[in-house]
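Reviewing the structure listed below.
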Amino acid sequence: SKLTAKFKDNLKGNSNKKKWVWGENERDTFNEIKKEFLKTVLLKHPDFKKPFYINTDASDIALGVVLYQLDNEDEHQVISFASRGLTSSETRYTITEKELLSIIFACRKFRNYLLGNKVIIKSDHRALMFLKTCKLTHGRLLRWILFLQEYELEIEYCEGKNNIVADVLSRTSEGNVLNKHEESEVKIFKLKLQKEVEYRDKNLTRILKNLNNLQTEDDNYKHIFLILKDINNPKFNQINDVYCIHNNILFKRIKAGKFLVCLP
Numbered sequence: 007s008k009l010t011a012k013f014k015d016n017l018k019g020n021s022n023k024k025k026w027v028w029g030e031n032e033r034d035t036f037n038e039i040k041k042e043f044l045k046t047v048l049l050k051h052p053d054f055k056k057p058f059y060i061n062t063d064a065s066d067i068a069l070g071v072v073l074y075q076l077d078n079e080d081e082h083q084v085i086s087f088a089s090r091g092l093t094s095s096e097t098r099y100t101i102t103e104k105e106l107l108s109i110i111f112a113c114r115k116f117r118n119y120l121l122g123n124k125v126i127i128k129s130d131h132r133a134l135m136f137l138k139t140c141k142l143t144h145g146r147l148l149r150w151i152l153f154l155q156e157y158e159l160e161i162e163y164c165e166g167k168n169n170i171v172a173d174v175l176s177r178t179s180e181g182n183v184l185n186k187h188e189e190s191e192v193k194i195f196k197l198k199l200q201k202e203v204e205y206r207d208k209n210l211t212r213i214l215k216n217l218n219n220l221q222t223e224d225d226n227y228k229h230i231f232l233i234l235k236d237i238n239n240p241k242f243n244q245i246n247d248v249y250c251i252h253n254n255i256l257f258k259r260i261k262a263g264k265f266l267v268c269l270p
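The numbers in the sequence shown follow the working numbering, run straight up by one, and end at 270.
Next comes the structure, spelled out in structure tokens:
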């Protein structure tokens with residue numbers, strides 16, 4: 007708002023017949039605003055040589071999880087966000103059950119990334135740290151603990167003030183029934199999106215004719231190509247669950263039957 011305030015005079019009505027001013031200062035301010043938009047979180051590609059981190063949280067209505075890794079400067083490199091609403095029966099779980107359910111949700115959601123790799127769970131619920139050592143008699147918790155044995159997990163306590171993103175995601179209203187006005191807005195958005203897609207440059211294929219070369223030279227993708235071309239590689243099945251090569255182009259599987267082109 008501080009940056010856009012500089013345009014206030016120009017954006018006011020022209021009651022005083024004041025001329026629109028666009029000079030060097032206005033251009034610099036506009037470029038600053040664009041830079042601020044670029045500071046939003048960018049999703050990163052996973053590095054299977056490094057451990058994965060998951061922040062989890064649960065509220066009375068939803069679960070929120072964040073999958074990320076740490077770079078060489080210990081900065082968070084977010085790979086994915088996920089959240090879902092609780093069912094009517096899940097809302098009656100104890101807080102410990104809800105927090106553990108958020109871990110179960112994360113492991114199922116990010117299974118293709120986590121299997122065979124070290125995973126560190128960050129939770130703001132201390133009780134979860136003792137699950138592997140305490141004696142469980144509750145059937146549901148016992149089944150969940152057995153499910154988690156499939157993963158190489160470590161659970162670490164994270165103070166609530168440092169678990170902001172997962173906490174916000176767990177406050178989502180996802181799962182609530184849309185009213186007619188909301189349904190109408192969704193339909194309008196879909197229509198606008200369809201028109202935007204149709205308007206895109208039809209020469210995109212020609213522009214990206216060297217995509218295969220760009221992918222095989224990219225630091226994030228070249229090792230994936232090598233693994234997928236060697237069926238005897240120990241990580242072949244793990245990578246093959248997430249990526250595939252079609253016509254020498256690398257694709258990422260986002261869900262059953264749905265693929266996205268991997269852009270360097």
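All C-beta atoms, glycine included, are put in the ideal place defined by N, C-alpha and C.
Note that this is a predicted model, so its numbers are computed, not measured.
- Sixteen is the threshold: when 16 or more other Cβ atoms of the shown chains lie within 10 Å of the Cβ of F231, as they do, the residue is buried.
- Listed as beta-bridge partners of G70 by DSSP are D63 and S89.
- In the structure shown, the three-state DSSP call for S95 is coil.
- Two segments are said to touch when three or more pairs of C-beta atoms, one from each, lie closer than 8 angstroms; by this definition the segment 69-89 touches the segment 109-118.
- Rounded to the nearest whole angstrom, the C-alpha separation of N123 and N216 is 33 angstroms.
- Relative to the Cα of I233, the nearest Cα in the group F54, E30 and L49 belongs to F54.
- Setting aside the 5 residues that flank it on each side, N254 is surrounded in the same chain by N218, each with a C-beta closer than 8 angstroms to its C-beta; the list follows chain order.
- For C268, there is no enclosing alpha helix (DSSP H), as DSSP gives it neither H nor E.
- Taken through DSSP and simplified to helix, strand or coil, Y157 comes out as coil.
- A contact is defined here as three or more CB-CB pairs under 8 angstroms, and the segment 50-68 meets this definition with respect to the segment 89-105.
- Going by DSSP, K124 is part of no alpha helix (DSSP H) but of the beta strand (DSSP E) stretching over K124 to S129.
- For H252, the uninterrupted beta strand (DSSP E) segment begins and ends at Y249 to H252.
- P270 and E223 have their alpha carbons spaced roughly 9 angstroms apart.
- With respect to S108, T62 sits close: the two C-beta atoms are nearer than 9 angstroms.
- For the 9 angstroms CB-CB criterion, V267 and K258 form a contact.
- R98 and W150 have their C-alpha atoms roughly 17 angstroms apart.
- S86 and E32 have their C-alpha atoms spaced approximately 36 angstroms apart.
- Between the alpha carbons of L148 and S95 lies a gap of roughly 18 angstroms.
- Contact annotation, E162 with I127: C-beta distance approximately 7 angstroms; criterion of less than 8 angstroms satisfied.
- Here D130 is buried. Its C-beta has 16 or more other C-beta atoms within 10 Å.
- At a Cβ-Cβ threshold of 9 angstroms, F58 and I110 do not count as neighbours.
- Here V27 is exposed: its Cβ has fewer than 16 other Cβ atoms, across all protein chains shown, within 10 Å.
- Residue burial is scored here from C-beta neighbours: P240 has fewer than 16 other C-beta atoms within 10 angstroms and is therefore classed as exposed.
- Here E79 is not near R146, since their CB atoms are 9 angstroms or more apart.
- Of the candidates E160, N37, L256 and E42, L256 places its Cα closest to the Cα of Y227.
- One Cα belongs to L120, the other to V84, and the distance between them is close to 14 angstroms.
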